[in-house]
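Inspection log for the structure reproduced underneath, given as structure tokens.
Number of protein chains: 2
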Amino acid sequence: MRIGELAKATGTTARALRHYEQAGLISSERAINGYRIYQERTVVRVRNIRYLLAVGLTLDDIQVFLPCLDGNVAAAPPSERGLQVALERLAVLNERIAVQIKARDRLDAVLRQATSDQLHPVT
Amino acid sequence: MRIGELAKATGTTARALRHYEQAGLISSERAINGYRIYQERTVVRVRNIRYLLAVGLTLDDIQVFLPCLDGNVAAAPPSERGLQVALERLAVLNERIAVQIKARDRLDAVLRQATSDQLHPVT
DNA sequence: TTTGACCTTGCCCTTGGCGGCAAGGTTGAA
DNA sequence: TTCAACCTTGCCGCCAAGGGCAAGGTCAAA
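Listed in order, the protein sequences are those of chains A and B. Each residue of the first sequence is one higher than the last, beginning at 1 in my numbering. Each residue of the second sequence is one higher than the last, beginning at 124 in my numbering.
In structure tokens, the structure reads:
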């Protein structure tokens, strides 16, 4: 299949697929005219990539999952290192979330005070 | 006071202060030699800017808070529009947090399954 | 034959808050 | 005098995952 077809099959864009290729996550053969030709299993591969992206990993992280990208990622976990990376990423995510919740709460507090000031202005 | 002094007083850098000035958040007079000269109250102003940044606003958002940046931002809330912007920003923050929590939970689920697979390998 | 859909590489742009560097002027102190 | 520490403007880089465009090649159908 060609890049446009793969894009449609995976709900992404040709641009993104070239990006994944440049990142070393997928590969392709070339037709005589230079067009990229993908194998059927690349569909699964790309879907797994998208899944891991949606899960909060980066393209760089996903490198580690390469060996198992053609199967069911959610069911067939990767190597030790894959787990390690995923754990680290989980920690990063949790950290980020915590920071943003703190910010949210502070902003919330400011607003609460602001509106209460409006209701009960300081005379 | 000059820029370096202000930077130290507010725990930031000269580079950041020039950035805030370019964003129209602070202003300065110039000495004969071209050096920026700040008033004392700019210290409070910059601290307020930093506070609002930490709270999750952008420099652009903070524009709206300009009229009250010299007082206690947390205690003296801004105009209607300031509140509006803050509310919108709060919504954005909440949205972002929700998305990341979803991602976190999915990654968590993957890992949970992965480690349970290791504990109870499929024979 | 010519249109139009598809493909190629390459390169700049986006968001945000600065960091860092170049290349130069200013000043107080040793 | 000359050095170090300060300051100036201006501009590129960064991080991430692509978007978008230019300029061109390819191919099937009408």
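Positions of the beta carbon are idealized from the N, C-alpha and C atoms, including for glycine. Please read these numbers as outputs of a predicted model, since none were measured by experiment.
Interface flag, residue i vs chain A, CB-CB below 8 Å
i        : result
B/Leu230 : yes
B/Arg212 : yes
C-beta neighbour in chain B for residue i, strict 8 Å
i       : result
A/Ile97 : yes
A/Thr13 : no
Interface residues of chain A facing residue i [CB-CB closer than 8 Å]
i        : result
B/Gln223 : Gly56, Leu93, Arg96, Ile97, Gln100
Distance CB(residue i)-CB(residue j) smaller than 8 Å
i        : j        : result
B/Leu213 : A/Leu107 : yes
B/Ala146 : B/Leu175 : no
A/Ala86  : B/Leu234 : yes
A/Ser28  : A/Arg36  : yes
B/Arg173 : B/Thr136 : no
Cross-chain neighbours of residue i in chain B, by beta carbon under 8 Å
i        : result
A/Arg104 : Gly179, Leu213, Leu216, Asn217, Ile220
Enclosing alpha helix (DSSP H) for residue i [first to last residue]
i        : result
B/Ala139 : 137-145
A/Ile49  : 42-54
A/Leu6   : 3-10
A/Leu25  : Note, A/Leu25: premise wrong, no alpha helix (DSSP H); not H, not E.
B/Ile253 : Because chain B is modelled from 124 through 246, residue 253 of chain B falls outside the range shown and cannot be assessed.
Is it a yes or a no for the region 221-229 of chain B touching the region 124-135 of chain B, going by three-plus beta-carbon pairs under 8 Å?
By the C-beta criterion, the region 221-229 of chain B is judged not to be in contact with the region 124-135 of chain B, since fewer than 3 inter-stretch pairs fall below 8 Å.
Taking 8 Å as the cut-off, does the region 128-141 of chain B touch the region 86-98 of chain A (at least 3 CB pairs, one atom from each stretch)?
Contact between the region 86-98 of chain A and the region 128-141 of chain B is absent, because fewer than three Cβ pairs lie under 8 Å.
Could you check whether the region 15-33 of chain A touches the region 43-55 of chain A, counting it as contact only if at least three pairs of C-beta atoms, one from each stretch, sit closer than 8 Å?
The answer is yes - the region 43-55 of chain A touches the region 15-33 of chain A, with three or more Cβ pairs under 8 Å.
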